[in-house]
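With our numbering, you'll find the sequence shown wraps up at 480, consecutive numbering, no jumps.
Here a beta-carbon is modelled for each residue, glycine too, at the ideal position from N, C-alpha and C.
Since we're looking at a predicted model, the values are computed, not measured.
Reviewing the structure listed below.
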Amino acid sequence: MATVEDRDRLLSSNNAVSASSSSSSSSSITELDLALKSDSNFRHTTEALHAKGSSTIRHVTVTCHGSFFMWRWSSSPRTAEEERQIREFFQALGSLVNLQSLSFVAASFGNPVTVPTELLVETLQRSIRLERLRVHGLCLNLDKDAAQRGKTLESLELALLQDSKLSEISFFNSFFGSQWLTASTISSRQQHPQLAFERLLSVCTTRLPQLEQLCIRHRRHRVREYPGTRLSKSVIQQVAASHSLRQLELFNFKLFDEHWEALAEGIWLAGTYSRLHELSISCKSFGLRACRAVADILTTSTSLQSLYLEPDKGTYSCGKHLNAECTNVLANGLLESNSSLQSFTLQGMPVVSLEAFVKMIQVNLTLETLDVTGYQSNSLLEQDLETHLKLNQVGRYALVHDESRTASRAQWANAIIAVEGNVHCLFYLLSANPSLCNPFS
């Protein structure tokens, strides 16, 4: 990655950029860090980005400081020359001919930086080889006028479609709207981010055929009365039915039991075309209907490897713990699951009993990680759970799932070595294949 000194030399003049392109490939700059501050020199930076030597740049990170957008963009009045220079800078970023990865990050996540959405559009409209887009810690501002807001969102959709090679989109701790939202303006503006995120999710999962990673972690708003952003069930179903997604993360949205049902329906509709490996979701409620939907997902999906669930502890939480009926439904779903699931996490919601999960893991041969909390301590159950998870990690499925005993003696020996002297695991393995005790067999 280019150092600060390299960056300054690169962006100081056109000659510096041209010189870098004529040097050996080992010294060519492929990664570039840029900082947007109130004293940034946009004219020189833009000229350097357009220069011939910039063709080697493939990865760009733009660190946005609040001082820049407060004084250089939000200031009133703003001169036409200032606005032109800023827009040309964002256009130049997108014009980098070999740009593959672009990240916009806030200098401080504690205070989100407000960036006009149209500036992001200016960049995306010109990037034709972009594969990864990350927006972290930013507030993408939308116009107060409904008509203009609609045009901006439409432009964003078209810009994303321009980047048809996108394989990863990540919005972390970011949101659409205004960071200056107050309780008095909530009722009139809470639909803005919902519309923006729904349109974003829709275009990503239906019109970007190479998109494999979609991670959207909505920023929790500091206004207590802010109800959060709710997504429609149809959009959730649409996302789940994607044929290209391998990783999906949705956090800090208002998702309820009916959204889990829509998610299960979408995965069912995708059928064997689903390539989803990792699913991580936070939700406002997680009751019996949600548990049944998760069980349906586990029995339907043929590709899912990791499932992370995080029920919210806030206003819409579904109780202090997961009751016995819900626990049994989840455990049965894991029991009946296909052979792909390797990790299951239920974060933040205690379970009543560990017994149902222990019964499940005795039969499930593939689950390697199970993270549930809050149950009453029981050393025997915990030991049994730990033993079977360890056995799965060393390949229990390959050893015992086939009654024809096709696993080689070397596979069994490797498993014995891998359990690292765990007495309970050793007892299980030797009981399952007593011939291991016979040196002549």
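In terms of residue numbering, what span does the beta strand (DSSP E) encompassing residue i cover?
| i | result |
| --- | --- |
| leucine 135 | Per DSSP, leucine 135 belongs to no beta strand (DSSP E) and is neither H nor E. |
| cysteine 322 | 317 to 322 |
| aspartate 78 | No beta strand (DSSP E) contains aspartate 78, which DSSP labels as neither H nor E. |
| threonine 412 | Note, threonine 412: premise wrong, no beta strand (DSSP E); not H, not E. |
| isoleucine 208 | 207 to 215 |
| tyrosine 347 | 345 to 350 |
| phenylalanine 383 | 382 to 385 |
| histidine 98 | 98 to 103 |
| leucine 179 | 177 to 180 |
In this structure, does DSSP put residue i in helix, strand or coil?
| i | result |
| --- | --- |
| valine 152 | strand |
| histidine 282 | coil |
| aspartate 45 | Confidence in aspartate 45 is poor, its pLDDT being 49 and thus under 50, which makes the residue's placement too unreliable to answer from. |
| valine 15 | A query on residue 15 cannot be resolved here, the shown segment of the chain reaching from 40 to 480 and no further. |
| alanine 119 | helix |
| proline 478 | coil |
| serine 65 | A caution first: serine 65 carries a pLDDT of 42, below 50, which makes its placement in the model unreliable, though a value can still be read off. Residue state, collapsed to three classes: helix. |
| alanine 363 | helix |
| alanine 145 | strand |
| phenylalanine 292 | coil |
| arginine 171 | strand |
| arginine 165 | coil |
| glutamate 70 | strand |
| arginine 269 | strand |
| valine 391 | coil |
| leucine 247 | coil |
| leucine 287 | strand |
| leucine 239 | helix |
| serine 379 | coil |
| leucine 406 | coil |
| lysine 204 | coil |
| serine 106 | helix |
| serine 94 | helix |
| arginine 314 | coil |
| serine 418 | helix |
What is the C-beta distance between residue i and residue j, in whole angstroms, given that I count them as a contact (C-beta under 8 Å)?
| i | j | result |
| --- | --- | --- |
| asparagine 180 | threonine 162 | Contact flag wrong, Cβ pair sits at about 15 Å. |
| leucine 506 | leucine 287 | This structure does not reach residue 506, given that the chain is present from 40 up to 480, and the question cannot be answered. |
| asparagine 291 | arginine 238 | Contact flag wrong, Cβ pair sits at about 18 Å. |
| asparagine 431 | glutamate 407 | 5 Å |
| serine 203 | leucine 247 | 7 Å |
| tyrosine 312 | histidine 282 | 4 Å |
| arginine 165 | serine 134 | 5 Å |
| valine 144 | histidine 98 | The pair is not a contact, with the Cβ atoms about 13 Å apart (cut-off 8 Å). |
| leucine 428 | isoleucine 456 | Going by Cβ atoms, the distance from leucine 428 to isoleucine 456 rounds to 18 Å, so no, they are not a contact pair. |
| leucine 250 | leucine 284 | 7 Å |
| asparagine 403 | leucine 374 | 6 Å |
| glycine 413 | valine 439 | Between valine 439 and glycine 413 the Cβ distance is about 31 Å, and since that is not below 8 Å, they are no contact. |
| leucine 172 | isoleucine 208 | 5 Å |
| cysteine 103 | leucine 75 | 5 Å |
Where does the unbroken alpha helix (DSSP H) through residue i begin, and where does it stop?
| i | result |
| --- | --- |
| leucine 199 | 185 to 201 |
| valine 397 | 394 to 402 |
| leucine 302 | 296 to 309 |
| arginine 256 | Taken as a continuous stretch (DSSP letters only), arginine 256 belongs to no alpha helix (DSSP H), being part of the beta strand (DSSP E) at 252 to 257. |
| leucine 327 | 327 to 339 |
Please tell me whether, using a cut-off of 6 Å, the distance from the CB of residue i to the nearest non-hydrogen atom of the ligand GDP is below it.
| i | result |
| --- | --- |
| serine 273 | Only the bare structure without any ligand can be found here, which leaves the ligand GDP out of the picture. |
Would you say the stretch 183 to 200 touches the stretch 240 to 248, given that touching needs at least three Cβ pairs under 8 Å? yes
Between the stretch 446 to 453 and the stretch 408 to 424, are three or more C-beta pairs nearer than 8 Å? no
For the pair the stretch 318 to 326 and the stretch 342 to 352, tell me if three or more CB-CB distances fall below 8 Å. yes
Taking 8 Å as the cut-off, does the stretch 322 to 334 touch the stretch 294 to 306 (at least 3 CB pairs, one atom from each stretch)? yes
Those runs of the alpha helix (DSSP H) which lie wholly inside the stretch 430 to 479 and span at least 4 residues: 435 to 439, 448 to 457 and 462 to 471
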